[in-house]
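K.L.:
Please read through the structure below; I'll follow up with questions.
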Amino acid sequence: GGEQKKAASSKAGVSQVLNRYTFASTLSHLRRTNTPIGRDGKIAKPRQLHNTHWGLVCPAETPEGQACGLVKNLSLMSYITIGTPGYPLVDFLSSNDMELLEEYEPQRSPNATKVFVNGVWVGTHRDPLMLAKVVQDVRRQGVVSHEVSVIRDIRDREFKIFTDAGRVCRPLFVIDNDPRSERRGQLVLQKEH
1 GGEQKKAASS
11 KAGVSQVLNR
21 YTFASTLSHL
31 RRTNTPIGRD
41 GKIAKPRQLH
51 NTHWGLVCPA
61 ETPEGQACGL
71 VKNLSLMSYI
81 TIGTPGYPLV
91 DFLSSNDMEL
101 LEEYEPQRSP
111 NATKVFVNGV
121 WVGTHRDPLM
131 LAKVVQDVRR
141 QGVVSHEVSV
151 IRDIRDREFK
161 IFTDAGRVCR
171 PLFVIDNDPR
181 SERRGQLVLQ
191 KEH
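Residues 1 to 193 (the UniProt record's numbering) are what the sequence shown spells out, left to right.
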C-alpha cells in the first residue's frame, strides 16, 4: 500500500541528463531555475519579467511553449546564499550602541531608526549612518560573511540586515568616493578580498 501512494505523489523531471552539447549550453543547464506553477495555466504575470530580476536572471533565455517565462536562468555571476546565523550580529549591534527592543523607550528617542535582523525587529539605533558604515567595514574585513545584506531605508527609518539562506546575490563594484582618500575613484575591494 505505502509504495503505491509514494509513486503516485512523485514529481516528474526531478533528474535530468546534463546537456553537454557545448560548454555554454552546459553552464546554461546548470543555472536553470524552475517556477513551481502549473504549466497549463493561462495567467501571464508569473511569466513576465519583473524589475527585481535585474542583474540576477537572464532577461532573454527562456524556453518557448508552456514553460515560457516559468523556467529562467540565473546570471553567471549571481549566486544563492547559504545562510549564516543572525544572533552573533545582534550581539555585535548591541555592542555598537544599539538599544535592544526590550529596553527601548519611544518618548526618549522618537526618531530612532528601527534595526531588523532577518525580518525580526531586534532594537533601535540613534545613528544609522555610523551603524551602516561599521557593519559594511566588518563585512569588507571578512569578520562578517560577505553574503550578509545590509539595507538602510532612510525614508522609513529602518536598518535591515539579512543573513538567511536562499537570497540571490550578485557582485557589485565598490568605488572609494572619499574626497580625502588618495585612492579616490579606485575600487575599495582589492585582490586579497
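Every residue, glycine too, gets a C-beta built ideally from N, C-alpha and C. Predicted, not measured: the structure shown is a model, and the values here were computed from it.
Excluding the 5 residues preceding and the 5 following Leu101 in the sequence, name in chain order all residues of the same chain whose CB lies nearer than 7 Å to its CB.
P.N.:
The residue given as residue 101 occupies position 101 in the sequence shown. Around Leu101: Trp121, Val122 and Gly123.
K.L.:
For the putative contact between Leu129 and Asn96, defined by C-beta atoms under 8 Å, what is the C-beta separation to the nearest angstrom?
P.N.:
Residue numbering aside, residue 129 sits at position 129 when the sequence shown is read from its first letter. Residue numbering aside, residue 96 sits at position 96 when the sequence shown is read from its first letter. Incorrect: roughly 13 Å between the Cβ atoms, too far for contact.
K.L.:
Taking Cβ to Cβ, would you say Leu74 is nearer than 8 Å to Val57?
P.N.:
Here residue 74 is taken as the residue at index 74 of the sequence shown, counted from 1. Here residue 57 is taken as the residue at index 57 of the sequence shown, counted from 1. In contact: Leu74 and Val57 (Cβ atoms closer than 8 Å).
K.L.:
Among residues of its own chain, excluding the 5 on either side of Glu61, which ones have a beta-carbon nearer than 6 Å to its beta-carbon?
P.N.:
What you label residue 61 is simply residue 61 of the sequence shown in a count that begins at 1. Hits under 6 Å: Asn73.
K.L.:
Near Gly83, what residues of its chain come up, given a Cβ to Cβ distance below 6 Å and the 5 sequence neighbours on each side ignored?
P.N.:
The residue labelled residue 83 in the question sits at position 83 within the sequence shown. Within the same chain, Gly83 has close Cβ partners Asp164 and Ala165.
K.L.:
Ile43 and Val168 - do their beta-carbons sit closer together than 8 Å?
P.N.:
Working through the sequence shown from its first residue, we reach residue 168 at position 168. Working through the sequence shown from its first residue, we reach residue 43 at position 43. No, Cβ-Cβ distance for Val168 and Ile43 is not below 8 Å.
K.L.:
May I ask you to verify whether the segment 102-115 touches the segment 155-162, counting CB pairs closer than 8 Å and requiring at least 3?
P.N.:
Yes: at least three Cβ pairs fall under 8 Å.
K.L.:
For Glu103, which of helix, strand or coil comes out of DSSP?
P.N.:
As a working mapping, residue 103 is identified with position 103 in the sequence shown. Glu103: helix per DSSP, three-state reduction.
K.L.:
Between the beta-carbon of Asn19 and the beta-carbon of Thr26, is there less than 8 Å?
P.N.:
Position 19 of the sequence shown holds residue 19. Position 26 of the sequence shown holds residue 26. Result yes, Cβ atoms of Asn19 and Thr26 sit closer than 8 Å.
K.L.:
Quick one, which of Gln48, Gly41, Gly119 and Arg140 has its alpha-carbon nearest Val90's?
P.N.:
Counting from one through the sequence shown, the residue named residue 90 turns up at place 90. When each option's Cα is compared against that of Val90, the closest is Gly119.
K.L.:
For my contact list, Val148 and Ile161 are in at a C-beta cut-off of 8 Å; report their separation, rounded to the angstrom.
P.N.:
Your numbering for residue 148 matches position 148 in the sequence shown. Your numbering for residue 161 matches position 161 in the sequence shown. Going by Cβ atoms, the distance from Val148 to Ile161 rounds to 6 Å, so yes, they are a contact pair.
K.L.:
For a quick check, are the C-beta atoms of Gly65 and Pro46 less than 8 Å apart?
P.N.:
Here residue 65 refers to the residue found at position 65 when the sequence shown is read from its first residue. Here residue 46 refers to the residue found at position 46 when the sequence shown is read from its first residue. Result no, Cβ atoms of Gly65 and Pro46 do not sit closer than 8 Å.
K.L.:
From Arg139 to Leu30, what distance separates their C-alpha atoms?
P.N.:
Reading the sequence shown from its first residue, position 139 is the one you call residue 139. Reading the sequence shown from its first residue, position 30 is the one you call residue 30. Each residue's Cα considered, the two are about 29 Å apart.
K.L.:
With H, G and I counted as helix, E and B as strand and the rest as coil, what does DSSP make of Lys133?
P.N.:
Along the sequence shown, read from residue 1 onward, the residue named residue 133 stands at position 133. Note: Lys133 maps to helix in three-state DSSP.
K.L.:
Thinking C-beta only, is Val71 closer than 8 Å to Pro59?
P.N.:
The residue labelled residue 59 in the question sits at position 59 within the sequence shown. The residue labelled residue 71 in the question sits at position 71 within the sequence shown. No, the Cβ-Cβ distance between Pro59 and Val71 is not below 8 Å.
K.L.:
How long is the line joining the alpha carbons of Val143 and Pro179, rounded to whole angstroms?
P.N.:
Position 143 of the sequence shown, counted from the start, is the residue given in the question as residue 143. Position 179 of the sequence shown, counted from the start, is the residue given in the question as residue 179. If I take the Cα positions, the gap works out to 26 Å.
K.L.:
In chain order, what residues of the same chain have a beta carbon less than 8 Å from the beta carbon of Gln136, not counting five sequence neighbours either side?
P.N.:
Walking along the sequence shown from the start, residue 136 turns up at place 136. Closer than 8 Å at the Cβ level, and outside the excluded window around Gln136, lie Val150.
K.L.:
State yes or no: is the C-beta of Val134 within less than 8 Å of the C-beta of Gly86?
P.N.:
Working through the sequence shown from its first residue, we reach residue 134 at position 134. Working through the sequence shown from its first residue, we reach residue 86 at position 86. Contact flag unset, no.
K.L.:
Which of the three DSSP states is assigned to residue 245 in this structure?
P.N.:
This structure leaves residue 245 out entirely; the chain is present only between 1 and 193.
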